[in-house]
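Residue numbering for the sequence shown follows my numbering, beginning at 5 and increasing consecutively.
Ideal placement from N, C-alpha and C gives every residue a C-beta, glycine not left out.
Nothing here was measured: the structure is a model prediction, and the numbers come from that model.
Take a look at the structure set out below.
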Amino acid sequence: MTHAEDDAVEPGAAVVEDLSVPDASAQNGSLAGGRPSLAAWEFAGLFTTYWCNARCAICYVCSGPGCGGEMRVAMAVRLWQELDELAASQGNRMRIHLAGGEPFGDWPRLAAIVRAAHDAGLAPTEKVETNAFWAVNDGLVRSRLELLDAFGMERLVVSTDVYHQEFVPFERVRRCVEIAREVLGPERVRVRWWDFYNEPVDVARLSPNLRRAAQAAALDRHKDRLTGRAASRLSDLLLCRPAEELAGLSCEREVLGSKHVHIDGYGNIFPGVCAGIILGNAATRDVAQVWHDLAALWQEHPVVSAVVAGGSHALMRAATPHGYQPRTEGYAGKCHLCHDVRRFLAARGIWPEHIGPRECYGD
Ligand code: SF4
Ligand code: SF4
């Protein structure tokens, strides 16, 4: 589940790239007194793994069957606790969701994480995201959802669209959604996207040309952000512009101003919509320490400081001394440019503490 929608979506799939309208889940930090500052984090997605049965073109990381990056149960519970404590120390409430990759790919570990958080007295998970590939029979779906419900999961988010249905038979999505609505109640089940769910297309039977046309239509409808695999696979479906036309688009609100972060199994903390930009690492440090260090020192972070100052165009300029050359074909948007530059830097091992892990650039 790796779309990049800020506080709303599944693990994996790409989020709306909005060049003008502030991020709806952001904006409590930046611009205080005119000087950029780090927002308090209030939404955190734990990437329980980068593994996925699918390899969606829209994935905002590059999840797939060959990926790892599993989050250990003990680490998930520690991060959960530290995130709760950080939010409480700032007068807020943390909402944790479980994403990936595909969290249900290792059901015993997903169940163990939710159980352990419950046993530790932590607030229940806000949502778990899935592509429903595992929904092969009614009894299995019902038993898993009943267990998640018993441990307090507030919502299930199911992904379905022209990208996911290349890999997941639609009848599994329908089974998962219908049973989830019975077990949890309709208001606790979200589908991304309902338009596809209500009028599904048999993507597997489409010719390559028709499949691309369907992807182009979906991109036009949902305005997904082109990062991760989406940048590599889908940018040619959109009008591309020279990098110079993307100058001056600050990412302050997405990177510093967002209340939403993701954390992977290696402890890397990313802005909610910018997987692959490592804000800090919580593998051996308390999340609060990472937050406070970033708040004090973000101007020393080569990626954050660049994109806050001038968006991905400024990042491109910072990468030029390392040999980055703009694409002659141009870029479909600021996030496409950003991902292309970061992928170039990651491949050369430049700023490895700030750009990674390979699962975000490995497509
Ligand atoms: S490849 Fe997996 S994690 Fe990525 S968007 Fe598809 S279902 Fe989600
Ligand atoms: S930092 Fe990069 S990925 Fe994030 S919003 Fe800006 S351009 Fe997009």
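Proximity of residue i and residue j at Cβ, strictly below 8 Å
| i | j | result |
| --- | --- | --- |
| Gly360 | Ala351 | no |
| Val161 | Asn135 | no |
| Glu150 | Pro128 | no |
| Leu250 | Tyr328 | no |
| Val265 | Trp45 | yes |
| Ala310 | Ala300 | no |
| Asp142 | Ile117 | no |
| Val140 | Ala222 | no |
| Ser239 | His340 | yes |
| Ala287 | Cys364 | no |
Buried or exposed (CB count within 10 angstroms, at least 16 for buried), residue i
| i | result |
| --- | --- |
| Lys227 | exposed |
| Asp268 | buried |
| Ser163 | buried |
| Ala58 | buried |
| Asn272 | buried |
| Arg76 | exposed |
| Gly353 | exposed |
| His168 | buried |
| Ser262 | buried |
| Gly276 | buried |
| His305 | buried |
| Arg347 | buried |
Paired residues, beta bridge with residue i - DSSP
| i | result |
| --- | --- |
| Asn285 | Asn272 |
| Asp131 | Contrary to the premise, residue 131 reads as Lys rather than Asp in this sequence. Answer by DSSP bridge pairing, in chain order: His101 and Arg159. |
| Ile373 | Residue 373 is absent from the structure shown; the chain starts at 5 and stops at 367. |
| Leu50 | Leu102 and Ile267 |
| Val207 | According to DSSP, which records beta bridges pairwise, Val207 is partnered with nothing at all. |
| Trp55 | Gly68 |
| Arg245 | Tyr335 |
Backbone secondary structure at residue i - three-state DSSP
| i | result |
| --- | --- |
| Tyr335 | strand |
| Asp11 | Here Asp11 scores only 37 on pLDDT, less than 50, and its place in the model should not be relied on; the value that follows carries that caveat. In the structure shown, Asp11 sits in coil (DSSP, three-state: anything other than H, G, I, E or B). |
| Gly68 | strand |
| Val172 | coil |
| Val195 | strand |
| Ala121 | helix |
| Arg76 | coil |
| Arg39 | strand |
Near ligand 4: residue i beta-carbon under 7 Å from a heavy atom
| i | result |
| --- | --- |
| Thr164 | No copy of ligand 4 appears in this structure; the ligands present are ligand 1 and ligand 2. |
For the pair the region 136–148 and the region 189–206, tell me if three or more CB-CB distances fall below 8 Å. Contact between the region 136–148 and the region 189–206 is not established, with fewer than three Cβ pairs separated by less than 8 Å.
Take every Cβ of the region 97–108, pair it with every Cβ of the region 51–69, and state whether three or more of those distances are shorter than 8 Å. Remark: three or more beta-carbon pairs, one from each stretch, lie closer than 8 Å, so the region 97–108 and the region 51–69 are flagged as touching.
Using a Cβ distance threshold of 8 Å, determine whether the region 213–233 contacts the region 64–71, with at least three qualifying pairs required. In short, these stretches touch, since the Cβ pair count reaches three.
Does the region 78–93 come into contact with the region 291–306, if we say contact requires no fewer than three beta-carbon pairs (one atom in each stretch) closer than 8 Å? Here the region 78–93 makes contact with the region 291–306; the two share three or more CB pairs at distances below 8 Å.
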